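Report on the structure given below.
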Amino acid sequence: MGIPAEIKTICEEVAKTLNKVEFFGAKQKNEDCPKIIFPKKDQQHDDNIMRVSEQEARVLFIHALETSKGRYFYSIETPTENKYIFKNGEQKRIDPKGKSARSDLSLYTAENKGFKKILNIEFKHKNCPPDHILKDMVKFYGEPIPSLWFHILSSEDSVTFKRLMQKFKPMLELLKKPNSSGPRICYFFFCTLGKYPIRQAEFDIFDKATVSSFLEQKAWL
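The opening residue of the sequence shown carries number 63 in our numbering; numbering runs sequentially from there.
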């Protein structure tokens with residue numbers, strides 16, 4: 063099972079809307095701007111430095127779900143099906159003796175017997191620490207459904223993105239494949255504020271060839 067086309071469209075819509083979000087310290091430029099704004103980074107000083115986080119993307123994504131005519135339901139901070147160990151100093155792993163982790167957002171379809179979870183989503187911002195990426199990659203490998211990684215960059219150049227991708231390399235290669243009856247599809251979506259085009263890639267994280275293409279930036283759609 064891949065990522066539904068409607069969800070990919072929502073990702074693109076969120077990216078476009080993020081670029082219309084106004085900053086608290088500036089005069090309104092766009093009449094069609096969303097109601098959410100980027101606040102000042104430090105409220106105690108006069109420096110007009112914009113604070114951007116992954117939360118703006120999550121709010122806009124949820125708004126897109128609510129206003130769409132799609133069939134998707136959602137939950138926030140969803141407990142994982144498997145248990146994990148994410149303690150400092152220990153190898154991050156799936157472990158029945160561990161604890162449930164959380165997914166930022168999960169999507170469901172309505173079935174005859176209730177709701178069926180079909181996708182877990184993680185939202186990220188900036189050049190996040192390798193430890194944070196590793197933790198989420200373990201969940202991507204461990205949960206039995208597809209995953210989506212939505213990443214906002216406040217600014218970007220070739221060096222910035224290359225450094226970010228380097229943080230994925232050892233993590234995707236070192237993670238061991240759990241028992242699985244089929245492929246595990248992941249969709250990575252990167253958007254930079256004020257800059258196009260967006261970057262996106264969809265591949266099976268159990269397939270070494272497609273993982274390598276992603277790491278080498280050859281798998282972008």
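For glycine and all other residues, C-beta sits at the position ideal for the given N, C-alpha and C. The structure displayed is predicted, hence computed values, not measured ones.
- With contacts defined as CB atoms closer than 7 angstroms, residue 160 and residue 170 fail to qualify as a contacting pair.
- Bounds of the beta strand (DSSP E) holding residue 166 are 161-173.
- In summary, residue 194 is exposed, with fewer than 16 beta-carbon neighbours lying within 10 Å of its beta-carbon over all protein chains present.
- If you check the CB distance, residue 156 and residue 174 do not come in under 7 angstroms.
- If you ignore the 5 residues before and after residue 205, its C-beta comes within less than 7 angstroms of the C-beta of 142, 143, 144 and 182, all in its own chain and listed in chain order.
- With respect to residue 186, residue 168 sits apart: the two C-beta atoms are not nearer than 7 angstroms.
- The stretch 264-274 and the stretch 214-228 do not touch, with fewer than 3 CB-CB distances between them shorter than 8 angstroms.
- The alpha-carbon separation between residue 75 and residue 126 amounts to approximately 8 angstroms.
- In this chain, the beta strand (DSSP E) harbouring residue 248 covers 247-254.
- Take residue 136, set aside five residues on each side of it, and the residues of its chain with a beta-carbon closer than 8 angstroms to its own are 124, 127, 167, 168, 169 and 170, in chain order.
- Where residue 184 is concerned, the enclosing beta strand (DSSP E) starts and stops at 176-187.
- Of the other Cβ atoms in all chains shown, fewer than 16 fall within 10 Å of the Cβ of residue 71; this residue is therefore exposed.
- Take residue 77, set aside five residues on each side of it, and the residues of its chain with a beta-carbon closer than 6 angstroms to its own are 253 and 260, in chain order.
- Per the C-alpha coordinates, the member of 264, 93, 216 and 176 positioned closest to residue 134 is 176.
- Judged by their CB atoms, residue 154 and residue 197 are nearer to each other than the 7 angstroms cut-off.
- Looking at the backbone, the Cα of residue 64 and that of residue 164 are separated by about 22 angstroms.
- Under the DSSP assignment, residue 135 falls outside any alpha helix (DSSP H), being part of the beta strand (DSSP E) whose first and last residues are 134-147.
- Within the same chain, and ignoring the five residues on either side of residue 274 in sequence, no residue has its Cβ closer than 7 angstroms to its Cβ.
- Between the C-alpha atoms of residue 209 and residue 73 there is a straight-line separation of about 13 angstroms.
- Bounds of the beta strand (DSSP E) holding residue 212 are 209-215.
- With a threshold of 16 other beta carbon atoms within 10 Å, residue 114 meets it and is buried.
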